[in-house]
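Student: Got a structure here, written out as structure tokens. Questions coming.
Residue numbers (my numbering), protein chains in the order written: chain A, 39 to 166; chain B, 79 to 431.
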């Protein structure tokens, strides 16, 4: 599995980029996309929505199943990846780049440091 | 978990293995379900279905017994042919769906779903009282692989040095592949032309390897499910079950007008609902258990299977709906995570033939 060191992760398999002016980008990990298989549909949250950490706010569907996506941090949805509507398979091919899901303006940027680092997440994922 | 003779071959191909009805089976290979699905629609794929169960029914009364215990008419099945059938319960529903092959006048092979072999075996034995038949579980004597797709016949002709053009749908033929005896039946569960190959377990790896080396894409249970759904075929546990009256489904043709076990509960019943195909007009994918309503939100039934068609990229499903909304063209709604998504009743298959 590919797990970039520059990102932080949560046990439910989302990643969050380092806060940039209070905004983090969120997607699902390479491990998660591999487990899901071919992604065929994505349901994204409304921009402007206030979300709590751990709240289910999006859905990624593979051929076989629908999986909830959880907000890794509390904040406001400020952007969603509309390109996924026509090309959801980008989540499989580029989970950390073109396959990002949404951006959050987080309430507490320092909370990002408390998420799992790459090694910690890999340990969790391997135990799954 | 039980393993088929091909378990190591699946692992070597990088398959993702899951527990299916107590069997360790490949759900997909590294290329993914969509790729496998399209390989079968456009070329040729191969599936390990050795988890399916085989029961031998033999004896002077084999025909009257199977006419009584199963819904299709085994008496109309000619030697060397196969027939889709179902095993009824006494509540108007089903114990399993089956494939019957007639090997001789008094000799049939009954293929049952992996998870149902024991209950099918038990019911056949109970009903066999008074009939001159012997029932034997031959599941461990057969490996079964399905070679499916428009390229299946050519691939098998090359491997078996046989002419398969004269082998008709549902017909069986005995050939050799790589020196191994193989019984081919021109049957399948994908909607494509293809064959199911009954092989001695000891020969399974050799035959599988030859088929894969000849260009068939290894396909797992994931693609098997999307292919059968796109083709409009039922899966026991989804479209069919102990409470399913087959007369309310598109598969009512299986039920022949003759005396059979459980007929009283099935024949006269009007369940007030029908099993139909749905094509979603809005965004979203219908999944098993999702509620179906009319346009005002009145409940009509529920989804039994759903996916995004890998071929047409449309969201397709099968569902129970009240009879009032079962006509093709009827407009309904599927509730997807609280959102009502418009859908139209259509007649499967869900792609042009």
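We put the CB at the ideal spot given by N, CA and C, even for glycine.
So what's residue 141/A in DSSP terms, helix, strand or just coil?
Tutor: Residue 141/A falls in the strand class under three-state DSSP.
Student: Measure the CB-CB distance between residue 424/B and residue 410/B and report whether it falls below 8 Å.
Tutor: Not a contact, by the Cβ cut-off of 8 Å.
Student: Tell me, please, which residues DSSP counts as bridged to residue 82/B.
Tutor: DSSP, once it has assigned bridges, lists no residue as partnering residue 82/B.
Student: Between residue 341/B and chain A, is the shortest Cβ-Cβ distance under 8 Å, so that the two count as touching?
Tutor: Answer no: the Cβ-Cβ gap between residue 341/B and chain A never drops below 8 Å.
Student: Measuring only the C-alpha atoms, how far is residue 433/B from residue 88/B?
Tutor: Missing from the structure shown is residue 433/B; chain B here goes from 79 to 431 and no further.
Student: Are residue 76/A and residue 112/B closer than 8 Å when you measure CB to CB?
Tutor: Their beta carbons are under 8 Å apart, which means residue 76/A touches residue 112/B by this criterion.
Student: Just the Cα atoms here: how many angstroms apart are residue 64/A and residue 306/B?
Tutor: So the two alpha carbons sit approximately 36 Å from each other.
Student: Could you compute how far the alpha carbon of residue 100/A sits from the alpha carbon of residue 257/B?
Tutor: Near 41 Å, if we compare the C-alpha coordinates of residue 257/B and residue 100/A.
Student: Would residue 98/B and residue 318/B qualify as a contact pair, given that the criterion is a beta-carbon distance under 8 Å?
Tutor: In this structure, residue 318/B does not lie closer than 8 Å to residue 98/B by Cβ.
Student: Is it buried or exposed for residue 232/B, if we count other Cβ within 10 angstroms and need 16 for buried?
Tutor: With fewer than 16 Cβ atoms within 10 Å of its Cβ, residue 232/B is classed as exposed.
Student: By the criterion of Cβ-Cβ separation under 8 Å, what are the contact partners of residue 386/B in chain A?
Tutor: 78, 79, 99 and 101, listed in chain order.
Student: Please name the residue, chosen from 247/B, 280/B, 277/B and 281/B, that lies closest to residue 270/B on a Cα-to-Cα basis.
Tutor: When only C-alpha atoms are compared, the closest one is 247/B.
Student: Return yes when at least one heavy atom of the ligand FMN lies under 7 Å from the C-beta of residue 377/B, else no.
Tutor: Of the ligands one can find in the structure shown there are none, so the ligand FMN has no counterpart to examine.
Student: Hey, out of 149/B, 102/B, 358/B and 377/B, whose CA is closest to residue 392/B's CA?
Tutor: Minimum Cα distance to residue 392/B is reached at 358/B.
Student: Can you tell me where the beta strand (DSSP E) holding residue 250/B begins and where it ends?
Tutor: That run of the beta strand (DSSP E) goes 250 to 255.
Student: Among 79/B, 323/B, 329/B and 291/B, which has the Cα closest to the Cα of residue 312/B?
Tutor: Measuring from the Cα of residue 312/B, the nearest candidate turns out to be 329/B.
Student: When you check each C-beta in the stretch 365 to 384 of chain B against every C-beta of chain A, which residues fall closer than 8 Å?
Tutor: If the cut-off is 8 Å between Cβ atoms, the stretch 365 to 384 of chain B has 365 near chain A.
Student: Compare the beta carbon distance of residue 174/B and residue 267/B with 8 Å and say whether it is the shorter of the two.
Tutor: No, the Cβ-Cβ distance between residue 174/B and residue 267/B is not below 8 Å.
Student: Drop a sphere of 10 angstroms on the beta-carbon of residue 103/A, count the other beta-carbons inside from all chains shown, and report buried for 16 or more, exposed for fewer.
Tutor: By the 10 Å Cβ count, residue 103/A comes out exposed.
Student: Tell me the start and end of each unbroken beta strand (DSSP E) in the stretch 122 to 200 of chain B that is at least 3 residues and wholly inside, in chain order.
Tutor: Qualifying beta strand (DSSP E) stretches, in chain order: 123 to 126, 131 to 136, 160 to 166, 172 to 182 and 185 to 190.
Student: Counting pairs of beta carbons, one from the stretch 280 to 297 of chain B and one from the stretch 200 to 219 of chain B, are three or more of them closer than 8 Å?
Tutor: These segments do not touch.
Student: Assign residue 331/B to buried or exposed, taking buried as 16 or more other Cβ atoms, counted over all protein chains shown, within 10 Å of its Cβ.
Tutor: Answer is exposed; the Cβ neighbour count stays below 16.
Student: Residue 101/B bridges to which residues according to DSSP?
Tutor: Partner(s): 80/B and 98/B.
Student: Can you find a C-beta in chain B that's less than 8 Å from the C-beta of residue 75/A?
Tutor: Answer yes: the Cβ-Cβ gap between residue 75/A and chain B drops below 8 Å somewhere.
Student: With 16 as the cutoff for other CB atoms within 10 Å, does residue 345/B come out buried or exposed?
Tutor: Exposed, by the Cβ-count rule.
Student: For the stretch 81 to 111 of chain B, which residues have a beta carbon sitting closer than 9 Å to at least one beta carbon of chain A?
Tutor: Those would be 94, 105, 106, 110 and 111, in chain order.
Student: Which first and last residues belong to the alpha helix (DSSP H) in which residue 345/B is found?
Tutor: Taken as a continuous stretch (DSSP letters only), the alpha helix (DSSP H) holding residue 345/B covers 341 to 345.
Student: Grouping DSSP H, G and I as helix and E and B as strand, with all else coil, what is residue 211/B?
Tutor: Note: residue 211/B maps to coil in three-state DSSP.
Student: In three-state DSSP terms, what is residue 55/A?
Tutor: If DSSP states are grouped into helix, strand and coil, residue 55/A belongs with coil.
Student: Would you mind telling me which residues of chain A sit closer than 9 Å to residue 304/B, beta carbon to beta carbon, in chain order?
Tutor: Ordered by position in chain A, the residues that pass the 9 Å Cβ test against residue 304/B are 101 and 102.
Student: Would you mind reading off the limits of the beta strand (DSSP E) that contains residue 114/A?
Tutor: 113 to 118 is the extent of the beta strand (DSSP E) around residue 114/A.
Student: Can you tell me which of 366/B, 274/B and 381/B puts its alpha carbon nearest to the alpha carbon of residue 122/B?
Tutor: Residue 122/B has its Cα closest to that of 274/B, out of 366/B, 274/B and 381/B.
Student: Check the C-beta distance from residue 366/B over to residue 387/B and give it rounded, since I have them as a contact under 8 Å.
Tutor: Not confirmed; about 16 Å, so no contact.
Student: Could you tell me the distance, in whole angstroms, from the CA atom of residue 197/B to the CA atom of residue 190/B?
Tutor: Each residue's alpha carbon lies about 10 Å from the other.
Student: Going by alpha carbons, who is nearest to residue 398/B out of 361/B, 158/B and 324/B?
Tutor: For residue 398/B, the nearest C-alpha among the options comes from 324/B.
Student: DSSP three-state label for residue 81/A, please.
Tutor: Looking at residue 81/A - three-state DSSP - the assignment turns out to be strand.
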